[in-house]
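Peer 1:
6 protein chains.
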Amino acid sequence: MALVPTTTIPDGAVFTEVDMGADSAAPTVRATVVQASTIFYDTPATIDKAERLIADASALGSQLIVFPEAFIGGYPRGSTFGVTIGARSQYHAAAIDVPGPEVDRLAAIAGKYKVYLVMGVIEREGYTLYCTVLFFNSQGQYLGKHRKLMPTALERIIWGFGDGSTIPVFETSIGKIGALICWENRMPLARTAMYGKGIEIYCAPTADSRDIWQASMTHIALEGGCFVLSANQFCRRKDYPPPPEYTFAGTNEELSPDSIVCAGGSVIISPSGQVLAGPNYEGEALISADLDLGEIARAKFDFDVVGHYARPEVLSLMVRDHPTTPVSFTSASKEAGPQKP
Amino acid sequence: MALVPTTTIPDGAVFTEVDMGADSAAPTVRATVVQASTIFYDTPATIDKAERLIADASALGSQLIVFPEAFIGGYPRGSTFGVTIGARSQYHAAAIDVPGPEVDRLAAIAGKYKVYLVMGVIEREGYTLYCTVLFFNSQGQYLGKHRKLMPTALERIIWGFGDGSTIPVFETSIGKIGALICWENRMPLARTAMYGKGIEIYCAPTADSRDIWQASMTHIALEGGCFVLSANQFCRRKDYPPPPEYTFAGTNEELSPDSIVCAGGSVIISPSGQVLAGPNYEGEALISADLDLGEIARAKFDFDVVGHYARPEVLSLMVRDHPTTPVSFTSASKEAGPQKP
Amino acid sequence: MALVPTTTIPDGAVFTEVDMGADSAAPTVRATVVQASTIFYDTPATIDKAERLIADASALGSQLIVFPEAFIGGYPRGSTFGVTIGARSQYHAAAIDVPGPEVDRLAAIAGKYKVYLVMGVIEREGYTLYCTVLFFNSQGQYLGKHRKLMPTALERIIWGFGDGSTIPVFETSIGKIGALICWENRMPLARTAMYGKGIEIYCAPTADSRDIWQASMTHIALEGGCFVLSANQFCRRKDYPPPPEYTFAGTNEELSPDSIVCAGGSVIISPSGQVLAGPNYEGEALISADLDLGEIARAKFDFDVVGHYARPEVLSLMVRDHPTTPVSFTSASKEAGPQKP
Amino acid sequence: MALVPTTTIPDGAVFTEVDMGADSAAPTVRATVVQASTIFYDTPATIDKAERLIADASALGSQLIVFPEAFIGGYPRGSTFGVTIGARSQYHAAAIDVPGPEVDRLAAIAGKYKVYLVMGVIEREGYTLYCTVLFFNSQGQYLGKHRKLMPTALERIIWGFGDGSTIPVFETSIGKIGALICWENRMPLARTAMYGKGIEIYCAPTADSRDIWQASMTHIALEGGCFVLSANQFCRRKDYPPPPEYTFAGTNEELSPDSIVCAGGSVIISPSGQVLAGPNYEGEALISADLDLGEIARAKFDFDVVGHYARPEVLSLMVRDHPTTPVSFTSASKEAGPQKP
Amino acid sequence: MALVPTTTIPDGAVFTEVDMGADSAAPTVRATVVQASTIFYDTPATIDKAERLIADASALGSQLIVFPEAFIGGYPRGSTFGVTIGARSQYHAAAIDVPGPEVDRLAAIAGKYKVYLVMGVIEREGYTLYCTVLFFNSQGQYLGKHRKLMPTALERIIWGFGDGSTIPVFETSIGKIGALICWENRMPLARTAMYGKGIEIYCAPTADSRDIWQASMTHIALEGGCFVLSANQFCRRKDYPPPPEYTFAGTNEELSPDSIVCAGGSVIISPSGQVLAGPNYEGEALISADLDLGEIARAKFDFDVVGHYARPEVLSLMVRDHPTTPVSFTSASKEAGPQKP
Amino acid sequence: MALVPTTTIPDGAVFTEVDMGADSAAPTVRATVVQASTIFYDTPATIDKAERLIADASALGSQLIVFPEAFIGGYPRGSTFGVTIGARSQYHAAAIDVPGPEVDRLAAIAGKYKVYLVMGVIEREGYTLYCTVLFFNSQGQYLGKHRKLMPTALERIIWGFGDGSTIPVFETSIGKIGALICWENRMPLARTAMYGKGIEIYCAPTADSRDIWQASMTHIALEGGCFVLSANQFCRRKDYPPPPEYTFAGTNEELSPDSIVCAGGSVIISPSGQVLAGPNYEGEALISADLDLGEIARAKFDFDVVGHYARPEVLSLMVRDHPTTPVSFTSASKEAGPQKP
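Residue numbers (our numbering), protein chains in the order written: chain A, 1 to 341; chain B, 342 to 682; chain C, 683 to 1023; chain D, 1024 to 1364; chain E, 1365 to 1705; chain F, 1706 to 2046.
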């Protein structure tokens, strides 16, 4: 397996090419984890930035590109939104409808660069926001989404709660792909749902840059017998709007513009627990590696968490993966909503 | 009952025709047990060999053909798989998905030769392998499968554990057919589940060539009042890949290419305990006999293990034959698995 | 009550009409007990004979027709089956599956002649035989069955043991009907189960032609406050196959073809112990009577065995009427059995 | 077996001796059923009469003597007691306490004549009367009693209801003896309780002289595989006090003094249903027979109602044979009653 | 393991001593299977004969002695009992009560010779006979009994049916001992009940001398991982009473006095399926072997039918081991029965 | 929190005392993880060694002492047991019954040193071995056990499979304690069962000394919000019997006596993921730390895996914690087993 060097992103610089080598066997997938910051409150610019990063990763030969949690829409780091009502509206405005024009644009980008794309977004449905991950294939099609099941701490003030109907794993030409977001990755039952669906390339968009996060990523790779791709933003204070438009709660707000407010730590780990690329705590970067899918079988030979190592007659997980809605109508075969005459 | 002579398989030779006789009554089934070796690590060639053997048995007039345990995929005799990681992958690669293209091909072969086919295979589901028996009817349809419930000794490292949902008995035009694999046949409760389903033609694909195996086969025929057809491979060292690609653990590996590593012993026994054909310990062979199904009623007149001779109010067996899965999904009517976009 | 004359069955003759009279009150049921022999080893011919008898009884105005024990399948009188293996198979072959084509035919006959039909049969389930009584209504529907709980003496070699799940009493438009077979009628707890279910027309198909049988029939009528209809075969030696195909054990086999081997004694008794028709020891016959159901209340006024005359706080019978099977399957809503692909 | 001739009792005459024969094997018991009338409202005279009858039967060699229902105290045939309150008092006065002086006297008589004695009495406890049977052994000991569980029709106005604590069977040197009274013998569960206790000599003191009673006696002998000894009074109108002291309800009271008001019908039946002595409908009599206890085993070989012919896992009787009292006291280890300082 | 030579029993001769050797390790048990005939219809003489055989086996150093089915009471080989009523009584008389004087005598013999004793008897309870095995320890104590659950063919006419309360395994100083009788050994659920109780020394008193019986014995040893000791009678025609007192049904009774009517075949098999002693088809004999209990652990390492090789979550056996009686009494802590005054 | 220095165990040396400090708050528990080797095939000596280590830890002030997997009985590292049958018996002999004398001795030791004790053992039940952890309280009482649910790779040949009935968490005076063994700790559903029972001190006896094991330990502490105490053996080749008595499969057996065959890595981690003591890869050692139970609440404030962070309406785990046995007995309130006369 030829490891792809992790490349620091210079300002606007071009990524160095990587030698794919001659020994890259067929079932190997080149994957890139994007460690970069949202352009806060500017969704079109953020998508432009995403396209540039996708282009770069594609130029590296990457077939799969994973962005951090809330890359589009922004992670409300340090914000309480409690002070400035206006901020809430801006945050709401920066979110996107799914489906919607931003989704269409992302699909087109994926198709243009012929990459599978996993993108963290803030989704807006009616007046509720969700922390969501979108999936696109390399033919430019939107595949579906995962909504975060359980936001953490202050996130619960801003985001709604997903249900069991949006925890997909997609069977694609480059393997079975799914995602859990941030601390969902600490939920053993949520992970087991992923394993039950046969996940091979486990994406973990996150906002947690502590080093103990690495232990969880390694553990998940071992537990699930899968590749783990964790993408986090690398943000400085200046990536957010200046105060008072945006304030960092719990600080004396003496943060310099270059203060690091999210240190990244994006990483790619193999099913045997080997770190293939990252973690990077230096700056924005594309973290890339070649995933030899044959490793999965070797890892599961001894430990197949939903196969020979399970004890389903003792321990069994029920996943209620139907949509749950507060109001449903017997006459409606689809979602509740006003009649469209 | 016209006994069909057991025929040693010469290299590539044609089987001698057998005289079907004029006294073959209607409810008599000609059955053949195949005693032959897997072509290790070469599943297409093994299926080609299976087809040749089926053609030969069909030419003998056989209506039912039973292959040994793990004929497709191979029985990992003497292997620990512990040393050579590569071997694991090869073994995994030689296994087959069920359903899948190899199953389709076997179904087509059964239909082409108009035979019922009971075939031992290594099944691959996700990253777990199972020791499985597949059933096909003479119209070329795949009927279903039995997964070994409890592997023996080192097998437990390589194969998963079946559950109660795959212990079928099929009602066919030639009688009620089912199978237990190797030492499952020593499990009295598993056998009783078969009896409870009314098995008439009890197939026992195996890898046990010791002569005490014969006592168990005779006992089962008497206990169950059924025909017992035990198929084992006859393998020499040269039927496995040469060292170091494949090594026989626990030996000094001074086995000559012609050393017998599995001596067969395939046999057909009637419900009254009479040996109809075999056991053969000489070489690859088709072991054939005519099964007079009328013998079953005569045997059960005095001893019907699940009928007049049972004491259900004292002794009753519960078979939990629902599938057990570590993860289940409320929305899914079938197995858990990834979405196919 | 207008008694219906008992009519000897001449060879193929028509029954004389009976005068129903003008005083037949509404709740009166005309019932016929058939005293006739199985055509041994020829089930289709036996059913043909049954149909002729039913037609005759129907012509007499009979609404309920009760046949003897094992009328279809035959009572293995004098046989040990131990000598001639062939005989066992013939006997097994003459038995019927329930449900099955013979049951369908009997239902159609009941419907054609618009009679309730209680028919003694030999039931075949797998390889065990049961001595069973089938019930049909006058709309041509099969209602259910009773399997003999405890065979007597040599019967235990030939027949299995019913369980508590098949001791029905059916509520019909002509009253509550059930049956116990032969010496089951000597089992006080089995009879009490019938009484507990409210039996009004108690059928006692039998093979016992001794005159002390009459005492039991009278006693049961008194004890249960019900009508008792006991049907027995009238058989001569020639109704069975000739030796050596069928031999009578314990005899010097100097029986002439006309020797009586079962003398009948069929009878109908009222709840007050009055003999309404029979017993007939002369030959094949239809024994008929009008059952005035109003007599039941009169009889129970003084003695209601499960009502005012019971002492349930002192004496209580537990009937375990769930099916008992040696093997049961959690997934199966019905009996265990093979899959039908 | 030497049958003992039934002897009509001439007025005060001596019974003819019976030839015991030389073939009376050891396990044979000579038994006498007494068919005689109470001397109404005169208990001392009734006991005198009983002693004379016992002396006579003893002279015949009888080892067991069974008296009718209510022999002491009298069967209130035809009485409503509704008109004359005084009659009630007389009837109450004629009853006996158990234990009490009359019981002592009866014990002494049994010891004097060295006979087992089964005696129907009216028992008085406080202000309630019971229809009771007393048992005495040939050593002059009172063994215990059976209280009628369920009186019939008008009896319910006069007698109380026994409970499960007084349905004994006594193991004696002449066999296992017990009794049910009159229509209790029509209660299948009560009889089964007797059978469950192993009864061999089944006593049936009664007041039913209809001929259908014989059918029940025969049936019980067959059902229970036991000897049945049914004792009934033979009474003429003159055996009761003349009107108006005692009136026969429901009659025009034109009964002549010699009118038979209870016709007897006492009988002894063997386990195979053979009538050994009686029934006698002619007058007062001692009905005697020799009971060959070896017949029981022969009868039960084919039908053992609580042994091999039972189906206890389907049908089981619970007998609550503890005393039931309306008031009980936690401090009392014995029956409720006033403290005796 | 020092094998003890099987010794033919000369008329009244002394057994040759066996060399116990120095290598007899502590956990080795010397066991003897007795192959000898009942002295028909003479129970005292049969027990005398048993004592002589026990004395001989004890002199050989045997610690455990297993007798055939129905050794006391006799196996009713070839008898229908249908013709000669007298024979029934004799057979009933030859049976023994449990407990009772014969049981006391057997206990004393076991104590005298300091051997564990497993003895096949015909047990009499009331009027039903059971085919029973009694167990005694070397201190002269009666341990308990096993009653045959399901008699075979004609046996069902003669013997009752045991229930789940008498299928014991006894933990003794020489291992865990139990027994199933004759074709009960073909009942997989009954055997599994034995395994569930941890049986180590599995006794199989039988009346089946066919050679296919050996296959079942070997299979059971392998299936259960236990020693199997099968004891059968060796009987000639002259061991039964001469005709017409006793006739062999289904024969022309041209059997010479020396005709073999039961050929024995007693055998001892180790948990690995090795035949340790026998089968002997030559004559009366003591079949002895040393049982190295350490072999059990070695056998169960690979196959522990109720341990690591079970799949209880899929297949589980329920043993209803409470007594079932047709009648039970709330006040009785023991079996129903008559009062003993 | 005062960290307790990890102390290398010199040969037989005394541990250095630790300064408990003055700031040890009340809800702090001093715990020691023992990193030491079994004395192979010598269970008494192993328990002696355990007692010395417990004495030493107790002298350090430890209140809770956790031993590695299979400390008593030994971890069969490198063994196939396939070659030397003798070895199997030795291994079986070194295992212990639960309850049994070794359990009694361990309880006494816990009581003597007033410590909670968590001890890895090889449990023997009948002829199946289980990898088990025993729990004892500081009053010298045995609390219960956990049996490994799923052995890994070659372990499956040697050990049976636990069921859901032995996955306890004990509420003790020092917190809620439970254990999973080795790779069970990689089973997310098994861990979730522990969390569901409220585990606070999560013990992870193991045999895995790879450094990726540390990632799993850290992850579990974070995921479960609990203290994790992982105990592994530190073994050299000489701690096992020399060849040929014990051989290491898959090696050329050129291991020097001092070769490290298990490198330890025992560790203690806090709920916030902080390593409190260890990992130690140097030699035998006592790894000790003070567990401030107050940390648990702080950790769970943000992430309570079975509390506010669960989504039970979407994801729910069913734990079937009833015992599963292949054979059960209706009359038995405890496990099946032989009678003890």
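No residue lacks a Cβ here, since even glycine has one placed at the ideal position from N, Cα and C.
(1) Considering only residues of the stretch 247-304 of chain A, which uninterrupted beta strand (DSSP E) runs meet the minimum length of 3 residues and lie entirely inside it, listed in chain order?
(2) Identify the contact partners of A1300(D) in chain E, using a Cβ-Cβ distance below 9 Å as the criterion.
(3) Of all the CB atoms in chain E, is at least one closer than 9 Å to the CB of S2036(F)?
(4) Looking at the secondary structure, which residues open and close the alpha helix (DSSP H) in which S399(B) lies?
(5) Of the residues that make up the stretch 1608-1637 of chain E, which ones have a beta carbon closer than 7 Å to any beta carbon in chain F?
(6) Using only CA atoms, which one of G857(C), E837(C), K794(C) and N867(C) lies nearest to I849(C)?
(7) In this structure, does DSSP put I553(B) in helix, strand or coil?
(8) Any Cβ of chain B within less than 9 Å of the Cβ of A1858(F)?
(9) Quick one: is Q1844(F) buried, meaning 16 or more other Cβ sit within 10 Å of its Cβ, or exposed?
(10) Restricting to Cα atoms, I'd like to know which of C1940(F), V1966(F), G1930(F) and E1905(F) is closest to V1734(F).
(11) Out of curiosity, what's the CA-to-CA distance linking L405(B) and W524(B)?
(12) Assign S1680(E) to one of two classes, buried (16 or more other C-beta atoms within 10 Å of its C-beta) or exposed (fewer than that).
(13) Quick one, are the C-beta atoms of A520(B) and N478(B) less than 9 Å apart?
(14) Once DSSP output is grouped into helix, strand and coil, what is the label at A520(B)?
(15) Answer with buried or exposed for A1073(D), where buried requires no fewer than 16 other C-beta atoms within 10 angstroms of its C-beta.
(16) Thinking just about the alpha-carbon of each residue, which of A1982(F), G2012(F), L1960(F) and D1963(F) is nearest to the one in F1932(F)?
(17) Please report the distance separating the alpha-carbon of N232(A) from that of C131(A).
(18) Give me, in chain order, the residues of the same chain whose beta-carbon lies closer than 6 Å to that of A1389(E); leave out the 5 immediate sequence neighbours on both sides.
(19) Please report whether the beta-carbon of F2008(F) lies at a distance below 9 Å from any beta-carbon of chain A.
(20) Mind checking if T547(B) is an interface residue toward chain E, Cβ cutoff 9 Å exclusive?
(21) Compare the C-beta of P667(B) with all C-beta atoms of chain F and state if any pair is closer than 9 Å.
(22) According to DSSP, simplified to helix, strand and coil, what is M702(C)?
(23) Nearest to Y1604(E) by alpha carbon, out of P1391(E), Q1399(E), Q1638(E) and I1403(E)?
(24) Taking only beta-carbon positions, decide if G846(C) is within less than 9 Å of chain D.
(25) By the three-class DSSP mapping on this structure, what secondary structure does N1596(E) have?
Peer 2: In brief:
(1) Here the runs fully enclosed are 260-263, 266-269, 275-280 and 285-292.
(2) By 1-based counting over the fourth sequence, the position of residue 1300(D) is 277. Within chain E, no C-beta atom comes less than 9 Å from the C-beta of A1300(D); the nearest is roughly 23 Å away.
(3) Taking the first residue of the sixth sequence as position 1, residue 2036(F) is located at position 331. When Cβ-Cβ separations below 9 Å define contact, S2036(F) makes contact with chain E.
(4) Residue numbering aside, residue 399(B) sits at position 58 when the second sequence is read from its first letter. Segment T384 to A400, the alpha helix (DSSP H) holding S399(B).
(5) Listed by position along the chain: nothing, the set is empty.
(6) Numbered from 1 along the third sequence, position 167 holds the residue referred to as residue 849(C). Ranking the options by Cα distance to I849(C), first place goes to N867(C).
(7) On the second sequence, residue 553(B) is found 212 positions in, with the first residue counted as 1. Helix at I553(B).
(8) Position 153 of the sixth sequence holds residue 1858(F). With 9 Å as the cut-off, A1858(F) counts as an interface residue toward chain B.
(9) As a first step, residue 1844(F) must be located in the sixth sequence, where it is residue number 139. Exposed: under 16 other Cβ atoms inside 10 Å.
(10) As a first step, residue 1734(F) is located in the sixth sequence; it is residue number 29 there, counting from the start. Residue E1905(F) is the option with its Cα nearest to V1734(F).
(11) In the second sequence, counting from the first residue as 1, residue 405(B) sits at position 64. In the second sequence, counting from the first residue as 1, residue 524(B) sits at position 183. Taking the Cα positions, L405(B) is about 23 Å away from W524(B).
(12) Here residue 1680(E) corresponds to residue number 316 of the fifth sequence, with the count starting at 1. That one is buried.
(13) In the second sequence, the residue the question calls residue 520(B) occupies position 179. In the second sequence, the residue the question calls residue 478(B) occupies position 137. Result no, Cβ atoms of A520(B) and N478(B) do not sit closer than 9 Å.
(14) For the purposes of this step, residue 520(B) is taken as residue 179 along the second sequence, with counting starting at 1. In the structure shown, A520(B) falls within a strand segment according to DSSP collapsed to helix, strand and coil.
(15) The residue labelled residue 1073(D) in the question sits at position 50 within the fourth sequence. A residue is called buried once 16 or more other Cβ atoms fall within 10 Å of its Cβ, and A1073(D) is buried on that count.
(16) In the sixth sequence, the residue the question calls residue 1932(F) occupies position 227. Looking at A1982(F), G2012(F), L1960(F) and D1963(F), the one whose alpha-carbon comes closest to that of F1932(F) is A1982(F).
(17) For the purposes of this step, residue 232(A) is taken as the residue at position 232 of the first sequence. For the purposes of this step, residue 131(A) is taken as the residue at position 131 of the first sequence. Rounded to whole angstroms, N232(A) to C131(A) spans 14 Å at the Cα level.
(18) Reading the fifth sequence from its first residue, position 25 is the one you call residue 1389(E). Interpretation of A1389(E) is limited by its pLDDT of 42, a score under 50 that renders its predicted location unreliable; the figure taken from the coordinates is listed afterwards. Here the set comprises nothing.
(19) Stepping through the sixth sequence from its first residue, residue 2008(F) is reached at position 303. Cβ-Cβ to chain A under 9 Å: yes for F2008(F).
(20) Taking the first residue of the second sequence as 1, we reach residue 547(B) at position 206. Chain E contact via Cβ: absent.
(21) For the purposes of this step, residue 667(B) is identified with residue 326 of the second sequence, where counting begins at 1. Yes, because at least one Cβ of chain F sits closer than 9 Å to the Cβ of P667(B).
(22) Locating residue 702(C) in the third sequence gives position 20, where the first residue counts as 1. The predicted model places M702(C) with a pLDDT of 35, which falls under 50 and marks its position as unreliable; any figure quoted below should be read in that light. Residue state, collapsed to three classes: coil.
(23) Locating residue 1604(E) in the fifth sequence gives position 240, counting from the first residue. Per the Cα distances, I1403(E).
(24) If you number the third sequence from 1, residue 846(C) lands on position 164. At a cut-off of 9 Å between beta carbons, G846(C) contacts chain D.
(25) The count along the fifth sequence starts at 1 and reaches residue 1596(E) at position 232. N1596(E) falls in the strand class under three-state DSSP.
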